[in-house]
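Residue numbers (full-length UniProt numbering): 1 to 212.
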Amino acid sequence: MQPILKKHAALLINLTTLILIIFIYYSGSRYQFLITNLGLALIPFNLSLMARRLPHKYLQIPLALIWLIFYPNTTYMLTDFSHLSSIGTGLATPFQYYNYSILTGSIILAVIIGLISMEIIVNVLVKNVLLKTLSYTVLSFISAFAIYIGRFMRLNSSDLLLNPSRTLQVILSANERDLLIFVFCFALLQLFLIFIFKLAVDYATTNLNEIN
């Protein structure tokens, strides 16, 4: 990565996301809900940057807990592929090309933003390699659970903060079998994405110079 890009990477990520949000708003895409989802995806990213700049653990940990509340908004967007049915199951018209590209690009961006924020938070709080692996696993299962209650119970981060008792009641009413299967599948999916993400980052940082 060129020095200027590396230096301003956080700013560029925010700008890229905001530009995409503005584009979706004015483009007439039927996926206007992506505006909110992308905006929410920026919150954990910027919280992780704030946590990294704090000097002490007792300041970083509370911010990391707030980050955890908003982090699932990034991986939640993996379920937005379900909205492809609204433009037809085929991929044969310019209308479908256009909306498919917007939806897929937004999901990829949000997931990458989320993975970057997770990497920052874990590296800030955890130094041991085994504990880092455990952290990725636990966070993936927590996120998968949050995705389920967000997608199927229509609860979000604000519900947890503003009405925790009702949120708990709704969660307890969930179909246990469906919940467990969903959480297991989506936790594995996230762990796979984390693995690929870390491989790509490690490869880029250690081997790219040799190729050049």
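Cβ coordinates follow ideal geometry from the N, Cα and C atoms, glycine included. Here the structure is a predicted model, which is why all the values come from computation and not from measurement.
- Residue state for T36 is assigned as helix, using DSSP reduced to three classes.
- Distance check between I112 and each of D80, H8, L42, L11 places L42 closest, using alpha-carbon atoms only.
- In this structure, the beta-carbon distance from L193 to L115 falls below 8 Å.
- Straight-line spacing of the CA atoms in L78 and R53 works out to 29 Å.
- A straight-line Cα-Cα distance of about 16 Å links S27 and T16.
- Per DSSP, the unbroken alpha helix (DSSP H) holding V124 starts and ends at 94-125.
- Around the beta-carbon of T36, fewer than 16 other beta-carbon atoms lie within 10 Å, marking it exposed.
- A Cβ-Cβ contact shorter than 8 Å links F182 with A144.
- Annotated three-state conformation of S82 is helix, per DSSP.
- Each residue's CA atom was taken as its position, placing V122 and S135 some 7 Å apart.
- The residues L125, in chain order, have a CB closer than 8 Å to that of K57 in the same chain once the five nearest residues on each side in sequence are set aside.
- A buried status is given to F186, since no fewer than 16 other beta-carbon atoms sit within 10 Å of its beta-carbon.
- Inclusion of L191 and S117 in the CB contact set at 8 Å is not warranted, their separation being larger than that value.
- In the three-state reduction of the DSSP assignment, R166 falls in the helix class, which pools H, G and I.
- Restricting attention to T137, T133, R166, the CA atom closest to the CA of I149 is found in R166.
- Leaving aside the five residues that flank A110 on each side, the residues in its chain whose CB is nearer than 7 Å to its CB run, in chain order, N37, L38, A41, T74, M77.
- DSSP places S29 in the coil class of the three-state scheme, outside both helix and strand.
- Assignment of Y148 by DSSP, reduced to helix, strand and coil, places it in the helix class.
- Per DSSP, Y76 is one residue of the alpha helix (DSSP H) stretching across 72-76.
- The C-beta distance from F95 to I87 rounds to 7 Å, short enough to meet the 8 Å contact threshold.
- Cβ contact annotation for A174 (same chain, cutoff 8 Å, sequence separation greater than five): Y148, I149, F152, M153, in chain order.
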